[in-house]
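Note that UniProt numbering gives residue 39 to position 39 of the sequence shown, counting from 1, and the numbers run on in steps of one.
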Amino acid sequence: MARSLPLLMLVVVGLLPAPLVLSAIPSSTISKIGRYAVRAEQTRKIRKFLTEHAGDVLGFILGIFPSSGGKKGDDKQGSAAATTAGLYMFNLSIGTSAPQIVTGILDIGLNFIWAQCAPCDPCLALPAPTFQPNMSATFSTLPCASQTCQSALNQTCGAAVDDTCGYLIDYGDGTNTTGYLANDTFVFGPSAAPGVVFGCSDASAGDFSGASGAFGFGRGNLSLVTQLQVPWFSYLLAPDDYDGDSGLQFGDGAAPRSKRSHSTPLLQSSMYPDLYYVKLIGIQVSGQELTGIPAGTFDLRADGSGGVFLSTTIPATYLEQAAYEVVKQAFRSGIPSEPVNGSAVGLDLCYMKQSLDEIKIPTLTLVFDGTNAAMELKEENYFFTDSSTGLECLSILPFQGVSLLGNLLQMDTTMTYDIYGGQLIFDTALAPPPHLMVSVMAAVQLAAWALLLF
């Protein structure tokens, strides 16, 4: 099987020059995609990410935000810390005859689906499962000359009739995967979605923490939610010290049922249209508005730069430098203890945990555009405790050019994405305590997928 050289993986994940030709997913499938379970991750993986990459996260984010703006000629695409952060992972069944389980990373910033396929060389380390294409009667590769391949990659094809549509994803730090585009049936319990386009990776390197793929939930045409045409999806990420489960929902079942929910418009960047942006209009510490943040700091500009987007793969939150300095000073002023060096965990404002035992940490509230759209955070959303060092640190860091709300900040909040309505709905009141969450999720039939958090 011949393959054209991978071209512009960046184009695959978001900057599509023409509509993709994708088969329609039956509406009966969409209505039956329901609720699935998630377990909490281990703190050590968050510490590993922060220690190794907090200082050079610019390199990861520039994988999403290249200096060229994603124009043709880029040869890499990054999905930001896919190998080192605390990752949320789920099992997805692919193929017919005997559907095979593939474990993939949940990534709301990715417009792509990929899974390790056999034969592979090199392959990801066990326990990462490998999809066997020859065991599925509905599996087929996408020819390089196909309209879907050309719409996604605009690839130069070879002369061979069986020339496939190649791709490359480079996550940085020596972690990468390469393969070819294919399609197959994705199975959700009793329902099946035929013709889902995904990447069949036959060579991968790096540590994906047991995952054998990634499932993008971004806004682009090749993401899982776009191909399934689901109007809603939601997730609840449990704190890392919970013994209970988190949840993920698709379709109409993900629609918010509480009138107490807060909502804010989802914005879209003309430069990076696959990401979910929100308009952050203010930050409060201990109930006081931080007036020192310059006006327009968080604005998404007309050229698509700036703004604030969300990530499920990066644990820390990154704020524009000017805003970060104001936030940092507010916490320093509100905590009557002397900061210590936090380089051991890769964070900036740190204290010895024992020095904070009798101190009330200032509260943090993010105020978004919308009516009563304030997200009142818990201490664990913005202060990270590392038991191995005894450090307790502000899990917010400075950045230039864009702001990012990481998965620590989103923990214990139901985050609902109204894709068609263009709204983010969030509600901390719906987050059940750990002992209730276990009993709720125990009743769920995990016929299709079970989200696993490491």
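Even glycine gets a Cβ: it sits at the ideal position worked out from N, Cα and C.
Distance, residue j Cα to residue i Cα
i, j, result
"Ser146", "Ala98", "28 Å"
"residue 461", "Ser270", "What is shown of the chain runs 1 to 454, which leaves residue 461 out entirely."
"Glu376", "Gly421", "24 Å"
"Gly287", "Val326", "15 Å"
"Tyr171", "Lys353", "34 Å"
"Gly346", "Ala323", "19 Å"
"Gly307", "Asp427", "22 Å"
"residue 456", "Leu124", "The structure shown does not extend to residue 456, since the chain spans only 1 to 454, so no value can be given for it."
"Tyr272", "Leu397", "22 Å"
"Gln400", "Leu267", "20 Å"
"Pro256", "Ser234", "9 Å"
"Ile335", "Leu237", "28 Å"
"Leu224", "Tyr417", "14 Å"
"Ala330", "Thr413", "24 Å"
"Gly296", "Gly206", "39 Å"
"Leu280", "Val402", "12 Å"
"Ala203", "Gly174", "13 Å"
"Val102", "Leu290", "46 Å"
"Ser209", "Lys360", "36 Å"
"Thr226", "Gly282", "31 Å"
"Ser388", "Gly247", "29 Å"
Which of helix, strand or coil DSSP assigns to residue i
i, result
"residue 539", "The structure shown does not extend to residue 539, since the chain is modelled only from 1 through 454, so no value can be given for it."
"Leu224", "helix"
"Asn134", "helix"
"Glu338", "coil"
"Gly306", "strand"
"Ser355", "helix"
"Ser270", "coil"
"Gly216", "strand"
"Tyr324", "helix"
"Pro148", "Checking the displayed sequence, the identity of residue 148 turns out to be Thr instead of Pro. DSSP places Thr148 in helix when its eight states are reduced to three."
"Phe139", "coil"
"Asn381", "helix"
"Asp418", "strand"
"Leu275", "coil"
"Leu290", "coil"
"Phe90", "strand"
"Ala316", "coil"
Rounded distance between the beta-carbons of residue j and residue i, thought under 8 Å
i, j, result
"Tyr277", "Phe309", "5 Å"
"Asn111", "Gly213", "14 Å between Cβ atoms; not a contact."
"Ser311", "Ser337", "Ser311 to Ser337, Cβ: 30 Å. No contact."
"Leu87", "Ala211", "7 Å"
"Ala152", "Leu222", "6 Å"
"Asp357", "Gly216", "With a Cβ gap of about 42 Å, Asp357 and Gly216 do not count as contacting."
"Thr177", "Ile169", "5 Å"
"Gly109", "Thr313", "7 Å"
Residues near residue i in its chain [Cβ-Cβ closer than 8 Å; skip 5 each side]
i, result
"Leu142", "Thr148, Cys149, Thr164, Cys165, Tyr180, Leu181, Ala182, Asn183 and Val197"
"Arg332", "Pro339 and Leu349"
"Leu200", "In the sequence on display, residue 200 carries Cys and not Leu. Correct list, in chain order: Trp114, Ala115, Cys117, Phe131, Pro133, Thr141, Gly179, Tyr180, Leu181 and Ala182."
"Asn341", "Cys350"
Neighbourhood of residue i by C-beta, 6 Å cutoff - its chain only, sequence neighbours within 5 removed
i, result
"Leu409", "Thr317 and Asn381"
"Thr264", "Val278, Phe368, Asp369, Gly370, Ala373 and Leu424"
"Thr363", "Ser286"
"Phe384", "Cys393 and Ser395"
"Gln321", "Pro398 and Gln400"
"Phe186", "Ile94, Ala193 and Val196"
"Ala137", "Thr96 and Ser97"
Residue i, buried or exposed, once every other Cβ within 10 Å from all chains shown has been counted against 16
i, result
"Gly104", "buried"
"Ile293", "buried"
"Leu126", "exposed"
"Ala128", "buried"
"Gly95", "buried"
"Ala407", "Here the sequence assigns Asn to residue 407, which means Ala is not the residue at that position. It is buried - the Cβ of Asn407 has at least 16 other Cβ atoms within 10 Å."
"Ala254", "buried"
"Pro315", "buried"
"Asp274", "buried"
Residue i beta carbon near the ligand GDP (any heavy atom closer than 6 Å)
i, result
"Ala344", "As presented, the structure is devoid of all ligands, the ligand GDP included, so that no description of it is given."
Chain-order list of residues whose beta-carbon lies under 7 Å from that of residue i (same chain, five-residue window excluded)
i, result
"Pro119", "Asp202"
"Glu379", "Ile361"
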